[in-house]
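Count along the sequence shown from 1, add 12, and you get the number used in the numbering used here.
First the structure, in the form of structure tokens, and then the observations on it.
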Amino acid sequence: MAKLQGVKTLDMTNGEVTKVEYNGEVYAKVDGGRGSIKPCDILLNKTDKADAPAGNYYEVTEQGSVYDDVGALHMNILYDCFIFRKVNAAPYALVTDREPKAGDFVKFLQEFVDDDTDLTAGKYYEITRVRGDYVYFDDDENDERVKNPKHDGVEVYEKVGATPTETLTHNGATYTLVDRKAQPGDVVVFTENTSRYVRNGVPYEVTGYNDGMASTSRVIIYREDFNRTPANVKVYEPQVAPVATEKPLQVGDYAKVVNDDTVQNAGTIPKDTIVEIVGKDSTDIPYRMKSLVNGKIRWAKADHIVKATDEEVAKAKATLQVGDYVRTLTASIYGKLSSGTIGKITKIDSDGEHLVVPLDDEDADGYYVAKDLEKLSEEEVEQHRAEQAELSRWAAIGRRPNEFKAGDIAKLITSDGSIYFGEISSAQEGSTVKFKHLHVIRYGTTTERTKNLTLITPVEQRFDLTEQSGE
């Protein structure tokens, strides 16, 4: 499954998306990492990856997998994303005390869809119109179907607590529900129409008058013989956008550079860069701004920056910035660093090249483009540092990690959490050694895996053996 289309941002906090809408359902952001993700969650990708750009949304399958923009399995998204979970799944109630109507839903039992590949058992299909005992709806292929709930193994449901939509969007414009008859410029939605020329639940624009009656491009709107009356035709009028009074930018706001001939103290912050306002004064160049891309601080005139949208801020925060820790996915542009290097971005040039300095060698560096870097979390960086510290400990005594020698003193932690101290009594064979118990003598010598052992004292540093050898 490729990236999701049509995900709407409903709410944001401090520039981060906290609530979205997709396919009519609301999803709220939940805390947690990879282990918190559940099937059917929606993920907001944080960083650019191959065939999965930052800022795209992806849905987790029933099997817990996620697929990128080319339909390939891409589990790395699970480790670097914001998680959104459905919060408004509306329950359905079985209809038994009335006849079906447009806006209800039909559901099929398994035995009635075994031979029908365009219907799914247990799925709710919205009824678009009713004629006599028959209901009309669209199947999985968006083809109109007709069934008789009394004979075709169909159950009829209604949404519990469902309320009419107060606004709708049609051809990019927003319309508001009003209580009056339709007129040109409005949009209408039929709810109980019986004509085959228009469909229930679909918006139609009122284009003019036909013989003095308001009409769409297809039909006259009000026709009692087709069950189109003022009582069952919803009318929406176009919203008039209020004249916005733009408040001056304040410290803490986010802005977008619209004129990069704006910079004091030399150097530029390019046009379209998202910045944070970190200072303000009463001069002709009042705004002190900090780039979210590379951390540069510059001053700008009021007409050279505009308030950034929540979406623009969220996308900018998801991109790589100076100070981020990354893992390289290839060798650097000039070959100085190898793939798999863990490092920190210390500079982003105007041409988009990122200078990475390895954590393990601050005298080295290499340039990369964003797609060849993977952003790391603080937890991943701390894990890397711990692993490097462990390597250094073993290297200091001339050994590889978990390399034990006869005579070493070690601590054993068993699978049940018990702790024993003992001496390595034989040379290491693969991943196992002979472990002579020192405190629980009756256990004697056992074979143990090195992954369960912690080195306490290497044989080279045992004073007791040194004293014995000198007698």
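Think of the CB as a built atom: it goes at the ideal place given N, C-alpha and C, for glycine as much as any other residue.
All figures in this text were calculated on a predicted structure; none of them were measured in a lab.
Requested in this report: Take residue 412 and list the residues in its own chain whose beta-carbon comes closer than 8 Å to its own, dropping the five residues that flank it on each side.
Outcome: 406
Query - Range of the contiguous beta strand (DSSP E) that encloses residue 131 - result: First-last for residue 131: undefined, no H or E at that position.
Query raised in the report: Taking Cβ to Cβ, would you say residue 269 is nearer than 7 Å to residue 233?
Result: no
Requested in this report: May I ask you to report which of helix, strand or coil DSSP gives residue 203?
Outcome: coil
Report task. Determine the closest residue to residue 226 out of 214, 213, 212 and 241, with distance taken between C-alpha atoms. Result -> 241
Query raised in the report: Does the separation of the CB atoms of residue 63 and residue 81 fall below 7 Å?
Result: yes
Report task. State yes or no: is the C-beta of residue 369 within less than 7 Å of the C-beta of residue 383? Result -> no
Report task. In the DSSP assignment, find the beta strand (DSSP E) that holds residue 227 and state where it starts and stops. Result -> 225-227
Report task. Quick one: grab the DSSP three-state call for residue 389. Result -> coil
Query raised in the report: Which one or two residues does DSSP pair with residue 437 in a beta bridge?
Result: BP columns for residue 437 are empty, so no partner.
Query - Burial state of residue 475, where buried means 16 or more other Cβ atoms lie within 10 Å - result: exposed
Query - residue 152 burial status per 10 Å Cβ neighbour count (16 or more: buried) - result: exposed
**Report entry** Other residues of its chain near residue 377: CB distance less than 6 Å, five sequence neighbours each side excluded
**Finding:** 367 and 369
Report task. Could you tell me whether the Cβ of residue 388 comes closer than 7 Å to any Cβ of chain C? Result -> Structure shown: chain C not included; a single protein chain is present.
Query raised in the report: Among 229, 214 and 215, which residue has its Cα nearest to the Cα of residue 221?
Result: 229
Query raised in the report: What three-state label does DSSP hand residue 362 in the structure shown?
Result: coil
Query - Cα-Cα separation between residue 4 and residue 130, rounded to whole angstroms - result: This structure cannot settle anything about residue 4, because the visible part of the chain is limited to 13 through 483.
Requested in this report: Under 7 Å Cβ to Cβ from residue 15, same chain only, skipping five residues before and after it: list those, please.
Outcome: 68, 69, 70 and 81
Query - Spatially closest choice to residue 487 from 456, 463 and 429, by CA coordinates - result: Residue 487 falls outside the range modelled here, since the chain spans only 13 to 483, and no answer is possible.
Query raised in the report: Within 6 Å: the Cβ of residue 306 and any heavy atom of the ligand MN?
Result: This structure lacks the ligand MN; in fact it carries no ligand of any kind.
**Report entry** Delimiting residues of the alpha helix (DSSP H) encompassing residue 328
**Finding:** 322-330
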